[in-house]
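Presented below is the structure to which this report refers.
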Amino acid sequence: MIKHQKPRAFFDTFERKGPGQKNTHYCPGCGHGTAHKLIAELIDELHIQDRTIFCSPVGCSVFAYYYFDTGNIQCSHGRAPAVATGIRRTHKDSILISYQGDGDLAGIGTAEIIHAANRGENLTVFFINNAIYGMTGGQLAPTTLIGQSTLTSPGGRVQSRDGSPIGMAEIMDAIKTPVFIERVSLATPGKVMRARKVFKKALLNQVQKRGFSFVEVLSPCPVNWKLTPSRARRWMEEKLEPVFPVMNFRETEDLKINKETIPPVLKGEDLLNVFRVNKDQLHPPKAKEISDQFVKISGFGGQGVMSAGVLLANCVIAEGRNATWIPSYGPAMRGGTANASVIVSGKNIGSPLVDYPNVLIAMNLPSLNIFEEKVLPGGFIFINSSIITRKVKREDVKSIYVPASDMAKQGGMLAAANVIMLSLYMLASKVSDIQTLKKVIPLSIKKKEYIDVNLKIVDIAIEFYEKNKDAF
Ligand SMILES: Cc1ncc(C[n+]2csc(CCOP(=O)(O)OP(=O)(O)O)c2C)c(N)n1
Ligand code: SF4
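Going by the numbering used here, 93 is the number at position 81 of the sequence shown; the sequence numbering is gapless.
Okay, here's the thing in structure tokens:
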């Protein structure tokens, strides 16, 4: 009989950390691992894996998404309760875990946590208080004890200079709305087992839509406390717990935990409804094999480089492959360059950044000047030769000169030079079918009169391609 095994809510191996990885990135004796394990076990026990979204902070637990096989979202520093609130408003049946350190929650995110608590959001907050900024090397945190030596208080925290340790559970208790507030400690196995019960209540409250639950978790950071793991646990009992009493501050009335209170596993339509996904989205058409494309589309603000990127990404997605798009607006919106990065792949895409494109669509001279050197050898540069008068200097890339602005002007819309370039790139590379672009344009462009002219521009590009195939 298996008594202890990795919870299903953890990945089997932590591939996001590295191939075949089985260990976490936490230091020996760190409390984050213990807290993670309790949460993962409870996600299993409460049958909520498929609808849980783990909102990670900035801090040592920034990499929680390496481990939790749930929805994961990486929040800006201190903003996890605000992010979770946003998700709560749109996904009423999801389970949202705001997991935060003391620098994150009690320092940079003080406002977020107080207002989320005050609004009584139906969330579960796990607040890992290790009395220090762990990730950045042990600076003083709002929770650091008086006299505690840290990187930024080498002689110890002094109240008159640094203020006194903030009791976040006490602050929560001053707010009427939270339904459950408790402080637990991970100092001993017995206290860990108590913490497990408290974590369970805090999660069940959310499952039962009772409101805001806050669990403060006193947690060891042996490395920055400069103690061994076992000394660190003793220090918790001797020093930390007297300042942060381990106790219940607010109980959820009448919360019976028994078999009936554990929700059934959500399946099929019920699960899809949680995330408002329809069946077709769940089974996208099989990806067409194509090599990855890292595309940079660059030009003046107003030349439509962003919308060209969006059109490309939408065409690819419509055909069942993956695409990312991110804009980058130069400091000078007009006269400088703005660029869009698009990645196209048959596989999952890790980062949306394109530092070294294999396709550059240069709509103006500054764009060619900036990005020419970055194009990968063997890549393609499409040049808007109506505006760019110089030639490409590189000899290890294929350069394609297109008088895009003149062609677009003749077609009745100078601003549609972007669609000329995009169409020719699609025709030459087969990255997506040109007919898909014709279907996507009416869905992406709001004004009817612009739809027709853009469709006409696509036809002009097709004609140009047919006549100049050799240049491609
Ligand atoms: C906006 C911003 N400010 C500061 C930082 C630097 N920073 C990274 S982690 C961190 C503190 C984390 O401490 P804590 O929340 O206690 O978590 P721990 O690492 O101890 O788990 C800080 C200040 C940052 N990444 N972003
Ligand atoms: S620095 Fe502290 S909080 Fe961060 S992983 Fe190491 S022990 Fe844990």
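Beta carbons: idealized from backbone N, C-alpha and C, even for Gly.
Residue i beta carbon near ligand 2 (any heavy atom closer than 7 Å)
i       : result
His-89  : no
Pro-364 : no
Met-248 : no
Gly-146 : yes
Asn-141 : no
Val-70  : no
Asn-236 : yes
His-44  : yes
Cys-327 : no
Pairwise C-alpha distance: residue j and residue i
i       : j       : result
Lys-459 : Glu-407 : 42 Å
Ala-483 : Asp-471 : 18 Å
Ser-435 : Ser-68  : 41 Å
Asn-260 : Thr-156 : 22 Å
Ala-199 : Gly-132 : 30 Å
Gly-202 : Val-210 : 13 Å
Glu-331 : Lys-359 : 13 Å
Ala-76  : Thr-64  : 13 Å
Arg-20  : Glu-53  : 8 Å
Pro-369 : Thr-336 : 14 Å
Leu-323 : Gly-223 : 42 Å
Cys-166 : Ile-373 : Reading the sequence as shown, one finds Pro at residue 166 and not Cys. Whole-angstrom Cα-Cα distance: 54 Å.
Pro-40  : Asp-116 : 22 Å
Glu-281 : Lys-18  : 28 Å
His-89  : Gly-149 : 16 Å
Gln-422 : Gln-86  : 47 Å
Val-356 : Ile-338 : 12 Å
Gln-112 : Leu-58  : 22 Å
Ile-55  : Pro-276 : 12 Å
Ile-144 : Val-317 : 46 Å
Lys-481 : Tyr-462 : 28 Å
Phe-23  : Val-74  : 16 Å
Arg-245 : Gly-30  : 31 Å
Arg-208 : Leu-284 : 30 Å
Ser-319 : Val-465 : 15 Å
Thr-448 : Ile-309 : 19 Å
8 Å Cβ shell around residue i - same chain, five flanking residues per side excluded
i       : result
Phe-26  : Gln-33, Lys-34, Asn-35, Thr-36, Tyr-78, Tyr-79
Tyr-477 : Ser-435, Leu-436, Leu-439, Ala-440, Phe-484
Tyr-341 : Gly-313, Ala-350
Arg-91  : Gly-121, Glu-124
Pro-389 : Asp-408, Val-409
Asp-367 : Lys-386
Cβ-heavy atom distance, residue i to ligand 1, below 7 Å
i       : result
Thr-67  : It is Cys, not Thr, that sits at residue 67 in the sequence shown. Result no, Cβ not under 7 Å from ligand 1.
Asp-114 : yes
Cys-39  : no
Ser-73  : yes
Ala-153 : yes
Ile-178 : no
Ile-51  : no
Ile-125 : no
Ile-453 : no
Ile-355 : no
Ile-120 : yes
Within-8 Å CB hit, residue i to chain C
i       : result
Gln-151 : No chain C is part of this structure, which consists of one protein chain only.
Cβ-Cβ separation, residue j to residue i (assumed contact under 8 Å), whole Å
i       : j       : result
Met-147 : Cys-72  : 5 Å
Gly-391 : Ala-352 : Gly-391 to Ala-352, Cβ: 17 Å. No contact.
Lys-213 : Phe-192 : 6 Å
Val-196 : Val-229 : 6 Å
Ile-140 : Ala-47  : 6 Å
Ile-393 : Glu-385 : Actually they are not in contact, since the Cβ atoms of Ile-393 and Glu-385 sit about 11 Å apart, beyond 8 Å.
Thr-162 : Gln-171 : Not confirmed; about 15 Å, so no contact.
Val-328 : Ser-444 : 5 Å
Val-307 : Val-371 : 4 Å
Contact set for residue i: own chain, Cβ-Cβ below 7 Å, skip 5 residues either direction
i       : result
Ser-417 : Asn-396, Ser-398, Ile-399, Leu-426, Ala-429
Ala-344 : In this predicted model, Ala-344 has a pLDDT of only 44, less than 50, meaning its place in the structure is not dependable; the value taken from the coordinates is given anyway. Counting only Cβ-Cβ distances below 7 Å, and skipping sequence neighbours, we find nothing.
Lys-251 : Leu-157
Val-286 : Arg-63, His-103, Asp-105, Ser-106, Leu-278
Arg-100 : Leu-108, Glu-133, Asn-134, Leu-135
Ala-455 : What sits at residue 455 in the sequence shown is Leu, not Ala. The answer is none, since no qualifying residue turns up.
Thr-240 : Pro-234
Thr-82  : Ala-21, Ile-55, Gln-61, Thr-64, Ile-65, Phe-66
Cβ shell of residue i (< 6 Å), same chain only, five flanking positions each side left out
i       : result
Asn-376 : Gly-311, Phe-312, Ile-399
Met-419 : Ile-432, Ile-472
Pro-154 : Ala-118, Gly-119, Ile-178
Pro-93  : Ser-110, Glu-124, Ile-125, Ala-128
Phe-226 : Val-137, Met-184, Pro-190, Ile-193
Just list the beta strand (DSSP E) runs in the stretch 27 to 98, keeping only unbroken ones of 3 residues or longer that don't cross its boundaries, in chain order. 64 to 68, 83 to 86
Write down every uninterrupted run of the beta strand (DSSP E) in the stretch 172 to 215 whose length is 3 residues or greater and which is fully enclosed by it, in chain order. 192 to 197
At which residue ranges does the stretch 315 to 400 contain complete beta strand (DSSP E) runs of 3 or more residues, listed in the order of the chain? Fully contained in the stretch 315 to 400 are the following beta strand (DSSP E) runs of length 3 or more, in chain order: 334 to 341, 350 to 357, 371 to 374, 392 to 396.
List in chain order: all unbroken alpha helix (DSSP H) runs of 4+ residues lying wholly within the stretch 442 to 476. When DSSP assignments are scanned along the stretch 442 to 476, the uninterrupted stretches of alpha helix (DSSP H) that are 4 or more residues long and fall wholly within it turn out to be 446 to 456.
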